[in-house]
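Residue numbers (this note's numbering): 1256 to 1953.
Backbone N, C-alpha and C fix where the C-beta goes; we use that ideal spot for every residue, glycine too.
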Amino acid sequence: MFDLVYCSYIFLCLFDTFSQITRFSQEPADQSVVLGERVVMSCVVYNYTGIVQWTKDGLALGIGEGLRAWPRYRVLRVIDVGQYNLEISAAELTDDSLYECQATEAALRSRRAKLTVLIPPDDPVIEGFPEILLRANVSYNLSCVSRGAKPLGIIEWKRDGVALEGAFSTTEVLPDRKRVTTRSFLPIIPEDKDTGHNFTCVASNKAVPMGKRTTVTLNVHHPPKVNLSMEPRSVLEGERVIFTCQATANPPIMGIRWAKGGVLLEGARESVFVTTVDHSFHTEPVSCSVFNAVGHTNLSIVVDVHYGPILKGALTPITVDIDFDAKLNCKWAGNPPLTLTWTKKGSNMVLSNNEELVLKSVSQADAGQYVCKAIVPRIGVRETEVYLIVNGPPIISSEPVQYAVRGERGEVKCYIASTPPPDKIVWAWKENVWEKEKGTLLERYTVEQSKPHSQGGAVLSTLTINNVMQSDFHSPYNCTAWNAFGPGTMIITLEEKEIVPVGIIAGGTVGSSILLLIFLLALAFFLYRQRKGSRRGVTLGKPDIKVETVNKETHSLEEESGSISTATRMVKTMYSVTTGANSRCYDPRPLSRMSHTSYAQFNTFTRAGQSQAPPNITHPYHPTSQTSEFPGDCGLLDSNTQLTYDNYGYPAKYPTYRMGFAPPPEVGPYGTSTRFSYSSPPGTDYNQRHTQRMQTHV
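Here's what the structure looks like:
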């Protein structure tokens, strides 16, 4: 118990002693102050009545409440509590230091406190403010500068209030080594749609947490945006097409120009261009060029023109040596795509369907004209010719037998087709040999050379013989030509030509003329008779005609058939039978435009006696002409439905006529009409053939 009391006493004594010791009950602390604002730094000394002063970065500021050297500084002293606070009004950058509170008589020094002066950045500046003029689709860096910040400023970019990423910054420390300038860059690729949009730069630090901001507006200039169209899209050559050029631009459009195939079209300055197209529009595009202050935009379009074949480039003859390959080319243009065919002139065989025709190891027979034909479906067809020349030995194409008149001037001709032309031509016959500029000939012989146009450039070598003799005939004449590729030769025989006397020629001419005249007269007479017979046939078709049929022996009919005229053979008639004075049976012709003769029905009737002689022919109007040779009614006529082509009998005044085919094999007591036949049935007795004749009474 005693110990406890003793310890308590000792504690009280020590506490009292400690409470009597001078000490800092409150020391200054690190602080921050925004530039221009007031700040107080604390300092409280317990149990001290002496001098207290403040130091700034080790430099004493002075004694007392008012510090004359530092007009913005003041010591806020409360002696009762030992308070010696330092007040700094309107803080400046120079106030950014280390401060210390000292009790000099007690040799006490407080901890050093750091006063940090915060400086907000200056208002950010965007280059190009307030409106930045940019080019569309050209990369650009928006630049924003924040100067004099302490600590350094942080810059943020926004587009129409929406934060953007991708910016980068650089910093620069000012000479006072306290403030920093920050520069931020925002890469953008402006588009024409960015015109009128706002970009904001926000700079902030601890002094201004909300930041300071500056906004610019973009004005994006761009060349004209062009839309080129045409109507219709596909046309025939010669039709009209409407081109339309629509454009938008910033700044506004200054003008429009039209061109075709790169060539400016004078006078075309509007947004609509109307023209009539030809085939060139298919390969030469039409372009619309629109320009403004920024630049110009050119847009082209090709017209789908349908046109017939057009040859591209001139064709020249192709020359090739024999046994080498030949290549012939022709190029056509056409729309829709065309079809090519190669043929040799005079032949329909298609050799190729390509632009190039290749002939392997050509011979001289391959020389000539080749036709290159181009076909554009539903549009047109055209063709051109390429001449192929084959270099080879001479080809002689003369007649192997030629003629001359004895005693007169004669010629032996040798046509030499040669590419290249012949270097040498030699004639040889009998003991004679002729070569140009070499050798001599008898006076009767001369040789001349020419190139007649009708032979297409071939060389014509003519051996002329004056006063042709018998010895000149049937003698072989050898014509030989040479060129660089070898010789060509031909044997020609000269034969005598007979001369017809002039008198015989004149007589033959006169005789031919007379024969021709006689033939023409006979033809006229024949046509007249034929026309007259036709008219009779029409007359016989009247209802007043009465027909009498008489059987006659075949051999009698054959004797008369020789005098029948062709006109009479063609007579056909309609039958009608008269049963009384006023009663007639009439079979009309079919209802058509054809004459009675074309539809004549030849009905044949045979009486009971086959050997009965023909009746006497009387005048058509004589009463006896109406004797009943036929049945008294029309039954037989009506029952006959077939045409018969048997031989007919006519009155004496008409020549008899016999058809060139056989009659029916047998005729009964009452014959009926039959269908003709070119051949007689088996078992026919030609010795008993009967022929029917027709007599017509008008």
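Determine the contact status of residue i and residue j, defining contact as a CB-CB distance below 8 angstroms.
i: L1348; j: L1397; result: no
i: E1386; j: T1470; result: no
i: N1738; j: P1655; result: no
i: S1352; j: K1311; result: yes
i: N1302; j: I1334; result: no
i: L1373; j: A1462; result: yes
i: G1743; j: G1635; result: no
i: S1401; j: A1346; result: no
i: V1288; j: Q1338; result: no
Taking the alpha-carbon positions, what's the residue i to residue j distance?
i: P1592; j: A1502; result: 35 angstroms
i: S1831; j: F1781; result: In this prediction, S1831 has a pLDDT of 36, which is less than 50 and means its spatial position is unreliable; what the coordinates show is noted afterwards. Rounded to the nearest angstrom, the two C-alpha atoms are 30 angstroms apart.
i: A1588; j: S1526; result: 32 angstroms
i: L1570; j: A1581; result: 15 angstroms
i: E1422; j: R1438; result: Note on residue identity: the sequence assigns Ala, not Glu, to residue 1422. In a straight line, the C-alpha of A1422 is about 10 angstroms away from that of R1438.
i: P1379; j: V1295; result: 31 angstroms
i: V1765; j: E1751; result: 28 angstroms
i: R1862; j: R1786; result: For R1862, the pLDDT reaches just 36, beneath the cut-off of 50, and the residue's location in the model is therefore unreliable, although a value from the coordinates is still provided. Roughly 34 angstroms between the two C-alpha positions.
i: R1661; j: S1726; result: 10 angstroms
i: C1399; j: T1426; result: 12 angstroms
i: A1761; j: L1771; result: 15 angstroms
i: E2003; j: N1590; result: Not covered by the structure: residue 2003. The range shown for the chain is 1256 to 1953.
i: A1659; j: A1736; result: 24 angstroms
i: E1980; j: T1531; result: Since the first and last residues shown for the chain are 1256 and 1953, residue 1980 lies out of range.
i: R1342; j: I1318; result: The displayed chain sequence assigns Glu, not Arg, to residue 1342. Rounded to the nearest angstrom, the two C-alpha atoms are 14 angstroms apart.
i: E1539; j: G1741; result: 53 angstroms
i: E1753; j: C1734; result: 25 angstroms
i: R1332; j: A1324; result: 18 angstroms
i: G1383; j: L1389; result: 10 angstroms
i: L1554; j: E1411; result: 42 angstroms
i: S1424; j: E1292; result: 30 angstroms
i: V1541; j: V1557; result: 6 angstroms
i: I1565; j: S1652; result: 38 angstroms
i: R1637; j: V1613; result: 21 angstroms
i: L1696; j: V1688; result: 8 angstroms
i: P1375; j: L1483; result: 56 angstroms
Looking at the structure shown, is residue i part of a helix, part of a strand, or coil, going by DSSP?
i: H1534; result: helix
i: P1875; result: The predicted model places P1875 with a pLDDT of 35, which falls under 50 and marks its position as unreliable; any figure quoted below should be read in that light. Coil at P1875, not helix or strand.
i: F1546; result: strand
i: R1699; result: coil
i: G1766; result: helix
i: G1758; result: helix
i: F1774; result: helix
i: R1364; result: strand
i: A1620; result: helix
i: A1462; result: coil
i: Y1303; result: coil
i: T1349; result: helix
i: S1673; result: coil
i: H1729; result: coil
i: K1787; result: helix
i: A1569; result: coil
i: K1405; result: strand
i: H1708; result: helix
Which residues in the same chain as residue i place their Cβ atom closer than 7 angstroms to its Cβ, once the five residues preceding and following it in sequence are excluded?
i: R1364; result: E1355, Q1357
i: P1731; result: W1684, I1746, T1748
i: R1432; result: none
i: S1847; result: Unreliable placement is indicated for S1847, whose pLDDT of 39 sits below 50; no coordinate value is reported for it.
i: Y1231; result: As displayed, the chain neither begins before 1256 nor continues past 1953, which places residue 1231 out of reach and without an answer.
Among residues of its own chain, excluding the 5 on either side of residue i, which ones have a beta-carbon nearer than 6 angstroms to its beta-carbon?
i: L1718; result: V1667, W1682, V1702
i: M1509; result: F1546, N1547
i: M1724; result: none
i: R1278; result: Y1301
i: V1475; result: L1389, A1391, P1445, D1447, D1449, T1450
i: R1512; result: S1544
Near residue i, which residues of its chain fall below 8 angstroms by C-beta distance, leaving aside the five closest residues on each side in sequence?
i: G1305; result: A1358, T1359, E1360, A1361
i: S1618; result: I1577, D1578, V1645, G1647
i: E1521; result: none
i: M1485; result: V1496, I1497, F1498, T1499, V1541, I1556, V1558
Counting Cβ pairs, one atom from each stretch, are 3 or more of them under 8 angstroms apart for the region 1528 to 1538 and the region 1575 to 1586? In short, these stretches do not touch, since the Cβ pair count stays below three.
How do the region 1435 to 1448 and the region 1350 to 1363 stand: do at least 3 beta-carbon pairs fall below 8 angstroms, yes or no? No: fewer than three Cβ pairs fall under 8 angstroms.
Is the region 1672 to 1681 close to the region 1712 to 1726, with three or more CB pairs under 8 angstroms? With contact defined as three or more Cβ pairs closer than 8 angstroms, the region 1672 to 1681 and the region 1712 to 1726 are in contact.
Sufficient close CB pairs (3 or more, under 8 angstroms) joining the region 1471 to 1488 to the region 1499 to 1514: yes
Segment contact flag, the region 1624 to 1644 with the region 1596 to 1604, C-beta cutoff 8 angstroms, min 3 pairs: Output reads yes: the region 1596 to 1604 touches the region 1624 to 1644.
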